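Enquirer: Numbering (the numbering used here), first residue to last: 4 to 619. Every residue, glycine too, gets a C-beta built ideally from N, C-alpha and C. As the structure is a prediction and not an experimental result, all values here were calculated from the model.
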Amino acid sequence: MQFPAFRFFLRLYLLWLLLFAAARLIFLLWNIEEWWSAGVLEAVASFVYGLYLDTAMCGYFMALPWLMVVVHMWTQQQFWLTLAKVFTALWIITLGWITIGELPVYDEWHHKLTFKAIWFLGNPLEVIHTASWWQLGLGIPAVIGFSFLGIRLYNRRVHPEDILPRSPWWKPTLTTLLMPPLLMLAIRGGVQQIPANVSDAYYSGNNALNLTSVNSAFHLAASILENAKGGEPYAFMKNNEADAILDSLYSVNPDSTVSVFRVQRPNIVLVVLESWSADLVKSCGGYDSITPFFDSIAQHGILFSDCYASGGLSDQGMAAVFSGFPAQPRTSIITQPNKYPKLPCINKELKKAGYKSSFAFGGQLSYGNIRSYMYFNEFDKIIEGDDFDDSIPQGKLGVADEYLFRRQLQDLKGTTQPFFASMFTLSSHGPFDFPMKHELNWGGKEKDYINSVLYVDRCLKEFIHDAKKQPWYNNTLFVFVSDHSHNSPKNWAFNDPRYRRIPMLFFGEVLKEQYRGWNYTETVSQTDLAKTLLTQLQLPAEDYVYSKDVFNRTAKHFAFFAFEEGMGWIEPNRYITWWVDGRVDHKKFVQPGDSLRLGRRGQAYLQKVMNDYWAF
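#1: By the DSSP assignment, the beta strand (DSSP E) with histidine 468 in it spans what residues?
#2: For proline 183, which three-state DSSP category applies?
#3: Less than 8 Å between the C-beta atoms of glutamine 331 and leucine 540, yes or no?
#4: Inspect the beta-carbon positions of threonine 524 and phenylalanine 561 and report whether they are closer than 8 Å.
#5: Hey, could you find the ends of the beta strand (DSSP E) serine 360 is sitting in?
#6: How should glutamine 610 be labelled, buried or exposed, when 16 other C-beta atoms within 10 angstroms of its C-beta is the threshold for buried?
#7: So does the region 202-221 actually touch the region 571-581, counting three or more Cβ pairs closer than 8 Å?
#8: Given that a residue counts as buried once 16 or more other Cβ atoms are within 10 Å of its Cβ, and exposed if not, what is leucine 106?
#9: Measuring CB to CB, does isoleucine 337 end up less than 8 Å from serine 361?
#10: Would you identify the three-state DSSP class for aspartate 57, choosing helix, strand or coil?
#11: Beta strand (DSSP E) containing leucine 273: first to last residue?
#12: Taking the alpha carbon of phenylalanine 30 as the point to measure from, which residue in Ala8, Trp83, Leu116 has its own alpha carbon closest?
#13: Taking its Cβ as the centre, do 16 or more other Cβ atoms sit within 10 Å of threonine 557, making it buried, or is it exposed?
#14: Taking glycine 2 as the reference, give the member of Tyr406, Leu353, Arg27, Glu352 with the closest Cα.
#15: Who pairs with tryptophan 572 in a beta bridge, going by DSSP?
#16: For serine 491 versus leucine 283, is the C-beta distance shorter than 8 Å?
#17: Excluding five sequence neighbours on each side, which residues of the same chain lie with their C-beta closer than 8 Å to the C-beta of aspartate 1?
#18: Output the distance between the C-alpha atoms of tryptophan 475 and phenylalanine 325, rounded to the nearest integer angstrom.
#19: Taking only the alpha-carbon atoms, compute the straight-line gap between glycine 99 and tyrosine 452 and give it to the nearest angstrom.
#20: Please go through the region 185-265 and give each complete alpha helix (DSSP H) segment of 4 or more residues, from N-terminal end onward.
#21: Quick check on the burial criterion: 16 or more other C-beta atoms within 10 angstroms. Buried or exposed for phenylalanine 34?
#22: What's the gap between the Cα of alanine 607 and the Cα of alanine 245?
#23: Tell me, which residues are paired with alanine 424 by DSSP?
#24: In chain order, what residues of the same chain have a beta carbon less than 8 Å from the beta carbon of aspartate 258, not counting five sequence neighbours either side?
#25: Below 8 Å between beta carbons: does that hold for phenylalanine 554 and valine 194?
#26: Once the 5 residues before and after threonine 580 are set aside, which same chain residues still bring their CB inside 6 Å of it?
#27: Just to confirm my understanding: we take serine 292, look at its own chain, exclude 5 residues before and 5 after, and list those with CB closer than 6 Å. What are they?
#28: Taking the alpha-carbon positions, what's the isoleucine 121 to histidine 114 distance?
#29: What does DSSP give as the partner residue(s) for methionine 507 in the beta ladder?
#30: Taking the alpha helix (DSSP H) that tyrosine 376 falls in, what are its first and last residues?
#31: With DSSP as the reference, label leucine 167 as helix, strand or coil.
#32: Helix, strand or coil: how does DSSP classify glutamine 397 here?
#33: Please state whether DSSP places asparagine 477 in a helix, a strand or coil.
#34: Could you have a look at asparagine 522 and say whether DSSP puts it in helix, strand or coil?
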């Protein structure tokens, strides 16, 4: 007895498994340096562990074709089979775009395609400019090739019009009644209480292999569904308990702050460094010879050598630096116009104190919604790529950093003091088309990146050299901080606390002599910049509830960071990375009980951040 409809769905299921396996193989080959040390057998295991989510995604992809086939079996109208073919072809093309599109996303952010990455497609020109020519040149043909082969396999091997002849009434009845529960079991991943989720595919100590195992379409769909709610709340404990933990973390004696400035109202030049990792800064314990100028001025400033980025994207870094607000795991607050107006911003406090302000960037600020955020926070002057003279050469992202710094110096001539001049560099962002020949011939796939940081360091040298000639130099504090980190030749996992370490530096003649050359080795976060700076200026800082004054002798030393599926909590010589499903990935403990204490603090922190996020 034959059931052609079930034979069709079996073949369709096998076709999807084959396409998912092909997508997984592409991801493996693209990122071979990331997992090779784990071994080939460990990599092959990703195909086995990935079957669970592959089957779940098959259920989603086969749901509408099932409905169309059922209608065909009852009506015998060929249109429905044609529609099922078209619909399946569209899904195959979509899978092709996901498969190829996530490769440069992983290179840049070290995670798979997510809602945030799709959100950035709202600025397609920026995405095109970020991609290198070879990525575009190979990517589009690769999508076409993947889609063509998948559709051809469907037409040659599945053939719904050939295997669904006219049937007696009971055959479509069985198909109508039996397929829905089978598809539901596939989608849920079984009859267990908790449906299939992304973490079910994790199996290895190598994060690249875990991401290989995760079905890319499932990962993207889960991210979109979760972010459709605008961020996920977390309830690890009662809210009053979480509040009590945070109160204890931020409780200080307000009279214990050390004053490090010799003037009350210095000018402030804030340089947000694109993607600088502490691994590339010798004075932070990183490689030698990449940032020699930064290292030289660190000897005369206050270096925060154990500083951590709150998130992994520039828009998250802006909220952390300017508003002292931590990153969220699956969303970004400044991309949401209904929420970021609730955030404080250091520029508003400085304007009230009489500062003139500016924000300069060599690219397009529409990326990450940064332009909207900066305009809302009332910067007197905002400069971006289109505001530079047409004679200035531009790369794919915009003007190189040497021109950004020169423009800033020009704009500051005659500016009323005190001023707050902030800049955001871009040359250390892919595709790294900076105007300097490579001089460092090591670093593997990160060679372009480390050479770009060397270039930016030289731009900083020229900038400070020229700034010293300006009449405002002796009354100016220079602040350097990275927006987020980047993969380095050390190849830390993306959720490893060591990956998240960034440089932060105070430098300038306004620092008191006794604090110049201070290597501040306690654990701090980039979110701490806001309250630390405002407190030194004796300006109100009460609204920066997630920022702490690191120069207060009674301040606690800790840092929080968020990633797509969890968070990290760091204290001196201790840290833990905690996934929202309860797994612990990276940990370092000193005393018994550290695991419970650090995990509990991190959970309370994340719960409080997301409660505030939802309240905005």
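Expert: According to the structure shown:
#1: On the sequence shown, residue 468 is found 465 positions in, with the first residue counted as 1. From DSSP, histidine 468 is part of no beta strand (DSSP E) but of the alpha helix (DSSP H) over 450-470.
#2: Stepping through the sequence shown from its first residue, residue 183 is reached at position 180. Here proline 183 sits in helix by DSSP.
#3: The count along the sequence shown starts at 1 and reaches residue 331 at position 328. The count along the sequence shown starts at 1 and reaches residue 540 at position 537. No, Cβ-Cβ distance for glutamine 331 and leucine 540 is not below 8 Å.
#4: The residue given as residue 524 occupies position 521 in the sequence shown. The residue given as residue 561 occupies position 558 in the sequence shown. No, the pair does not count as a contact, with Cβ atoms beyond the cut-off.
#5: Within the sequence shown, numbered from 1, the residue matching residue 360 stands at position 357. Segment 359-364, the beta strand (DSSP E) holding serine 360.
#6: The residue you call residue 610 lines up with position 607 of the sequence shown. Glutamine 610 is buried by the Cβ-count criterion.
#7: no
#8: Counted from its first residue, the sequence shown places residue 106 at position 103. Looking at its Cβ environment, which holds 16 or more other Cβ atoms inside 10 Å, leucine 106 is buried.
#9: Position 334 of the sequence shown, counted from the start, is the residue given in the question as residue 337. Position 358 of the sequence shown, counted from the start, is the residue given in the question as residue 361. Not a contact, by the Cβ cut-off of 8 Å.
#10: Residue 57 sits at position 54 when you count from the first residue of the sequence shown. If DSSP states are grouped into helix, strand and coil, aspartate 57 belongs with the helices.
#11: Within the sequence shown, residue 273 is the residue found at index 270, counting from 1. Taken as a continuous stretch (DSSP letters only), the beta strand (DSSP E) holding leucine 273 covers 270-276.
#12: Your numbering for residue 30 matches position 27 in the sequence shown. Here the closest residue by C-alpha is Leu116.
#13: Position 554 of the sequence shown, counted from the first residue, corresponds to residue 557. Exposed, because fewer than 16 other Cβ atoms sit within 10 Å of the Cβ of threonine 557.
#14: This structure leaves residue 2 out entirely; the chain is present only between 4 and 619.
#15: For the purposes of this step, residue 572 is taken as the residue at position 569 of the sequence shown. Per DSSP, Phe563, Ile579.
#16: What you label residue 491 is simply residue 488 of the sequence shown in a count that begins at 1. What you label residue 283 is simply residue 280 of the sequence shown in a count that begins at 1. Result yes, Cβ atoms of serine 491 and leucine 283 sit closer than 8 Å.
#17: Not covered by the structure: residue 1. The range shown for the chain is 4 to 619.
#18: Counting from 1 along the sequence shown, the entry for residue 475 is found at position 472. Counting from 1 along the sequence shown, the entry for residue 325 is found at position 322. Cα to Cα, the separation comes out at about 23 Å.
#19: Position 96 of the sequence shown holds residue 99. Position 449 of the sequence shown holds residue 452. If you take the alpha carbons of glycine 99 and tyrosine 452, they lie about 28 Å apart.
#20: 210-216, 219-230, 242-253
#21: By one-based count along the sequence shown, residue 34 stands at place 31. A quick correction: the sequence has asparagine, not phenylalanine, at residue 34. It counts as buried.
#22: Counted from its first residue, the sequence shown places residue 607 at position 604. Counted from its first residue, the sequence shown places residue 245 at position 242. If you take the alpha carbons of alanine 607 and alanine 245, they lie about 5 Å apart.
#23: Your numbering for residue 424 matches position 421 in the sequence shown. Looking at the DSSP assignment, alanine 424 forms a beta bridge with Val272, Ser361.
#24: Within the sequence shown, residue 258 is the residue found at index 255, counting from 1. Cβ within range, chain order: n/a, list empty.
#25: Taking the sequence shown and counting its residues from 1, one reaches residue 554 at position 551. Taking the sequence shown and counting its residues from 1, one reaches residue 194 at position 191. No, Cβ-Cβ distance for phenylalanine 554 and valine 194 is not below 8 Å.
#26: The residue given as residue 580 occupies position 577 in the sequence shown. The answer, listed in chain order, is Asn498, Gly571, Asp588, His589.
#27: On the sequence shown, residue 292 is found 289 positions in, with the first residue counted as 1. Hits under 6 Å: none found.
#28: The residue given as residue 121 occupies position 118 in the sequence shown. The residue given as residue 114 occupies position 111 in the sequence shown. Distance between the alpha carbons of isoleucine 121 and histidine 114: 13 Å.
#29: Here residue 507 is taken as the residue at index 504 of the sequence shown, counted from 1. In DSSP, methionine 507 forms a bridge with Phe307, Val484.
#30: For the purposes of this step, residue 376 is taken as the residue at position 373 of the sequence shown. Segment 373-379, the alpha helix (DSSP H) holding tyrosine 376.
#31: Taking the first residue of the sequence shown as position 1, residue 167 is located at position 164. At leucine 167 the pLDDT is 49, less than 50, meaning the model places this residue with poor confidence and gives no usable figure here.
#32: Counting from one through the sequence shown, the residue named residue 397 turns up at place 394. Here glutamine 397 sits in strand by DSSP.
#33: On the sequence shown, position 474 is the one that residue 477 refers to. Helix.
#34: The residue given as residue 522 occupies position 519 in the sequence shown. Reduced to three states, the DSSP call for asparagine 522 is strand.
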